[in-house]
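Let me begin by presenting the structure, written as structure tokens, before commenting on it.
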Amino acid sequence: MPADKSAARPSGGPPRPRPETGPAEPAESDGTHPPHPTTPATRPDQTEPDQARPDLSEPDPVRPDQTEPDPSKPGQGRPDQARPDQTEPDPSKPGQGRPDPSEPDPSEPDPGKPDQAGPDVAEQATRDLAAQFEDEKPGRVLSGPTGLLLTIAALAVGALALWQVFQPLSQGSKYYLIIFLAGVLPLVFLAYPADLRLPARLRIRRRPASTRPTVTDWVLVALAVAACLYPIVPIRIGDGGGGYNAFLDRQGLLSPTDLVLGTVLLLLLLEACRRTTGWILPAICLVFLGYGYYGGLLPQSWPVAHAGLDFSQLVDAFYNSDSGFYGTPLDVAASYIVLFTIYGAVLDLSGAGRFFVDLSAAAFRRSRTAAGRTAVASGFLLGTVSGSGAATTVSIGAVTWPLLRRAGYPPERAGGMLAAAGVGAILSPPTLGAAAFIIAEYLGVSYLQVLGWATVPTVLYYLGILLAVEIDARRSGVRPVAVDVGSPWRLLGRFGYHFASLIAIIVFLAMGMSATRAVVFATVLAVVLSFLDRAHRLTPGRLVTALVTGVRGVLAVTAVCAAAGIITATTTKTGLGPQAAALLIGGAKAATSDPTLVLVLTALLAAVALSLLGLAVPVTASFVIGWVIVGPALLDLGVSAPAAAMFVFYFAVLSEVSPPTALAAVAAAAVTGGRLVPTMWQTLRYALPAYLTPIAFVITPAGLGLLGLGGVGRIAFAAVVTALSVAVLAVAAGGWLPGVGPVGAPERLLGVLAGVTLLWLEPVPVTVGAALAAVAAAGVFIRHRSADRQPSDPVEEKL
């Protein structure tokens, strides 16, 4: 779930041991920033080596003369790219290898020796890198009384969220949302710095960045508490106040005091979004605000013109309605996301993340493509508990990049693979991205149904990546990597209990339990099972860490979801949704009058619009905006609500692998040291089928089978045909037909046409697509048989 952050030890615990070599980590001993919930857990209290864990950092015996960089350090490129002037590398800095491969590096992580100081430093570096590529900026590491205050407040918010599951407040859900926002919004100003810097020429003197809240931050904290709690304060304040019921009675007729505090909360939310996500989302909110205020001045002949709203009407819609700040997005953050981030933190601290990576390596240890398969499988398994694409990319990259490098993968291709596998975290049940919970609320369905809709597309997504891995292995001469790992059955027997809580969530949902109760009970189960591993027991202190981690992980998402209320309320008040839908459909009808082609063109235009939107804002905000603008257009053309919602969801998610921003690809390039733009294009190549599959949801009724709707026959037909389409597109993109050889340009072009045609899930197009695929395969086979025998050493593809 999106949602998610930079990390250090909570205040009040003992300081972590310093590594014996290398510089000390700054502010490590007194921080309050908890570990990132989506990365492998640190092991501060582990005293015994875990003999079942494989050592993925062993140097490749095939190349003993190679100077091996530290495999745990993000940012390192291939070994042969080391700078010649780098004579005294610092083992704590990314990008530097160790000078003598015959001597062990004290800071190099050894998964087989978890009591070393090295893994602690390396895993902390992984968390810090992951935080840089999240939807929000890295937060402060707080200490002293401020850190203690943040920890206490975060515990209170977590306790309130858990209490609401079993004993909901009698005043209703909006009352709970008011208290939740009052607890979370002030923490944003404590945890995230303003980060406002003047241009260098205007600075009087250079000042170091503050690691403690400033006076301005404390003022914003006080204003946030006042503005958030004002609606429920049971005393008269001027012409306002008077308690919750009195506040609701003034809906549509706000008093001047209501208007002032509503405006203050509006500005605070924009500032909170700026601190956590950057300038773009607040700017979009201001555009919608300006449209609501000035839209009445537009020529009334324009489709997007409206009657106009004054400022008090807008503030009333934001502050005192169910579609504004306290609308569905914030409800999802306060009811679901915070509980799932707590669950993710519990699994993380119990050692589940490391187990998933180890199991992936053990499962494919004897395969020629073991390195690539390990990366993909690790992304899928970590994605079941993460819900964050960039963080999962960094987590799996820090462990599997050494394997990929020794197998011969160029940094750019390895980065593309890692980014594509990491983004699958947002698509992988049972912990989808935050937008999936919003889908359930918007459509009024259970979260289990949304999981069902996501299952087949997730399998197809990873099928495409695995096929690309196999093709690359044969085309680029990837060599086997000797990794000393044990049996996967031994790992499952010792640590397989980590799957129990994941399975429990599905079982509880199938029994009719609400998603909130299901995840709470699964969290309790994970806590109990953690005592099976003495190194990762969730003692009271570590359990407090998990709760604080969960709340810190939801700070940025809460700011985004509350600010999204500006967009949804403005759209509702002005009628922008239907108007934008009419414009979108009108653009398609200008090109053709055929109803089927109108639907196809509308879907393509919507896909482009969603992809562009996702380049600028986080996935959750991208989905909310896309749903209120694009969703009505698809629904007006007869597309079912599940298909329309999942269409918007997938293209919002794919923004993380779409150039030129491609957040997950940027994170992967930081891990591998590869060139950024080629890494982005490699990511796009691996994820190509994911861009086309969602279109099949909406253009034909049979596409609903991909969402698990319409009976066994339709589901099987849609899944098999789309899997064939994914395979054909993977071969066309990779330029290699497994078992035969290279694919020429004509066959690749024919394969693209076949793959796209197969996505039209009707008998005639499917027959034509299958025939085109057969012709392309036959052409490759004939070319291979008639040509001279190819050299035995494959030639690596130039990037």
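Quick note: the sequence shown, position 575, residue 635 per the numbering used here, numbers continuous.
Backbone N, C-alpha and C fix where the C-beta goes; we use that ideal spot for every residue, glycine too.
- The same chain holds no residue with a CB closer than 6 Å to that of aspartate 532 once the five nearest residues on each side in sequence are set aside.
- In this structure, the alpha-carbon of isoleucine 627 lies about 25 Å from that of proline 253.
- Cβ neighbours of serine 233 within its own chain (closer than 7 Å, five residues either side excluded): Asp391.
- With a cutoff of 7 Å on beta-carbon distance, alanine 431 and leucine 723 are scored as not near each other.
- Rounded to the nearest angstrom, the gap between the Cα atoms of leucine 520 and threonine 782 is 8 Å.
- For threonine 743, the enclosing alpha helix (DSSP H) covers residues 736-746.
- The three-state reading of DSSP puts leucine 598 in coil, since its state is none of H, G, I, E or B.
- Beta-carbon to beta-carbon, leucine 283 and valine 324 are separated by about 6 Å, close enough to satisfy the 8 Å threshold.
- Nearest C-alpha to threonine 743 among Leu492, Met477, Gly504, Val459: Met477.
- Of the candidates Pro517, Gly734, Val758, Pro517 places its Cα closest to the Cα of alanine 776.
- Beta-bridge partners assigned by DSSP to proline 802: Trp796.
- Sequence-distant Cβ neighbours of alanine 564 in its own chain, meaning closer than 6 Å and more than five residues away, are Ala582, Leu585.
- Straight across, the Cα-Cα distance linking alanine 367 with threonine 630 is about 13 Å.
- Annotation: the continuous alpha helix (DSSP H) that includes asparagine 305 extends over 304-309.
- For valine 248, the CB contacts under 7 Å within the same chain, skipping 5 residues up- and downstream, are Ala332, Arg335, Thr336, Leu615, Ala619 in chain order.
- The beta-carbon separation of alanine 474 and glycine 439, rounded to 13 Å, does not stay under the 8 Å limit for a contact.
- For methionine 477, the uninterrupted alpha helix (DSSP H) run begins and ends at 471-483, by DSSP.
- Taking 4 residues as the shortest admissible run, the region 212-238 contains no complete alpha helix (DSSP H) segment at all.
- DSSP places proline 825 inside the alpha helix (DSSP H), whose first and last residues are 823-846.
- For the region 401-443, the full-length alpha helix (DSSP H) segments reaching 4 residues or more read 412-423 along the chain.
- For glycine 300, the three-state secondary structure derived from DSSP is strand.
- Less than 7 Å divides the Cβ of glycine 691 from the Cβ of alanine 704.
- Residue environment for tryptophan 796: buried (at least 16 other C-beta atoms within 10 angstroms of its C-beta).
- Rounded to whole angstroms, the Cβ separation of phenylalanine 555 and phenylalanine 415 is 4 Å, and the two are in contact under 8 Å.
- In the three-state DSSP reduction, aspartate 593 falls in the coil class, being neither helix nor strand.
- The beta-carbon separation of alanine 214 and valine 580, rounded to 17 Å, does not stay under the 8 Å limit for a contact.
- The DSSP-derived three-state label of aspartate 277 is helix.
- Sequence-distant partners of leucine 508 (beyond 5 residues in either direction) whose C-beta falls short of 6 Å from its own C-beta, in its chain, are Leu569.
- The residue from Asp654, Val786, Gly553 with its alpha-carbon nearest to that of alanine 756 is Val786.
- In the structure shown, the three-state DSSP call for leucine 245 is helix.
- Here valine 780 is not near alanine 833, since their CB atoms are 7 Å or more apart.
- In terms of Cβ geometry, leucine 675 and serine 715 form a close pair [threshold 7 Å].
- The beta carbons of glycine 355 and threonine 634 sit about 6 Å from each other, so the pair counts as a contact at 8 Å.
- Isoleucine 842 counts as exposed, since fewer than 16 other beta carbons sit within 10 angstroms of its beta carbon.
- Listed in chain order, the non-local C-beta contacts of leucine 358 below 6 Å within the same chain comprise Ala365, local neighbours out to five positions each way being set aside.
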